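As structure tokens, the structure follows; a few thoughts come after it.
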Amino acid sequence: MQAATVAADHHHHEMPSSGGALTRVALSATLHCLTGCAIGEVLGMVIGTALGFSALGTVALAVALAFLFGYALTSLPLLRAGLPVAAVVSIALAADTLSIATMEIVDNAIMLALPGAMEAGVGSLLFWGSLSFALVVAGAVALPVNRWLIARGKGHAVVHETGIHGGLSPRTVGIAAVVAFVFGSSVLIAEIVDDAPAEPDHGTPSMPAREH
């Protein structure tokens, strides 16, 4: 009865289908999804790297945890509101699967492509800079995917229909994403500059010693 009441109370929420309002909803959904992905991705990368997993093993663990935490952040507020488990599972799968998959493909492709990122230890700035940069880029790629889904009544639209939301505010996550992007970009730029070959010294050649 409680679940039915909750669903009925929030069913009147309408989803925008175009324009800036749709983009704002998609951005909020992307930041929400990015939060869960980031938690799982960071844990997976840290655990895999610390335990000496192979690159593929670390990626597999990170992906699994990203899906787990992504679904959890959507599911917990719905469960607390009294929705049945079967309905919550269905909503979470519909809302987050494609968004998380997009983020994970992009994020891990970047981590594998950046030289030394997967081999760097958790105490390395290169590791954290690469991961921060990869996560933010992954979120940026997922934004148009979420917008396309929501415009068609899919993806995060199914959560919006319930009127039940949870997790950190989009503003907080957005600020964290900007900080992560600046940090990650700075680290990668510093790494590129540090690895650049030194310019040859074209100073004044030394004069040969005179023979006496």
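For the sequence shown, position 134 (counting from the first letter as 1) is numbered 141 according to my numbering, and the numbering increases by one without interruption.
Where a beta carbon is used, it is the ideal one built from N, C-alpha and C, also for glycine.
Bear in mind that the values here come from a model prediction, so they are computed numbers and not experimental data.
Checklist line | Span of the alpha helix (DSSP H), counted from its first residue to its last, around residue 113 | finding: 92-120
Item checked: Straight-line Cα distance separating residue 162 from residue 97 -> 11 Å
Check: Within 10 angstroms of its Cβ, does residue 201 collect 16 or more other Cβ (buried), or is it exposed?
Finding: exposed
Checklist line | Exposure of residue 198, with buried meaning 16 or more beta-carbon neighbours within 10 Å | finding: buried
Check: Can the beta-carbon of residue 72 be found closer than 9 Å to that of residue 47?
Finding: Here residue 72 is near residue 47, since their CB atoms are less than 9 Å apart.
Note to self: If I measure Cβ to Cβ from residue 146 and keep anything under 6 Å in the same chain, skipping five residues before and after, which residues do I get?
What the structure shows: Once the five neighbours on either side are set aside, the close Cβ partners of residue 146 are 37 and 41.
Note to self: Between the alpha carbons of residue 136 and residue 126, how many angstroms are there, rounded?
What the structure shows: 13 Å
Next item on the list: Let me know the secondary structure DSSP gives residue 39 once reduced to three states.
Entry: In this structure, residue 39 counts as helix in the three-state DSSP scheme.
Next item on the list: Over the uninterrupted alpha helix (DSSP H) stretch that includes residue 163, give me the two end residues.
Entry: First-last for residue 163: undefined, no H or E at that position.
Item checked: Contact check, residue 148 vs residue 104, beta carbons under 9 Å -> no
Next item on the list: Report the option in 122, 51, 191 and 155 whose CA atom is closest to the CA atom of residue 31.
Entry: 155
Next item on the list: Please name the residue in 50, 183 and 167 whose C-alpha comes closest to that of residue 85.
Entry: 167
Check: Is the region 128-144 touching the region 187-196 in the sense that three or more CB pairs, one from each, lie closer than 8 Å?
Finding: yes
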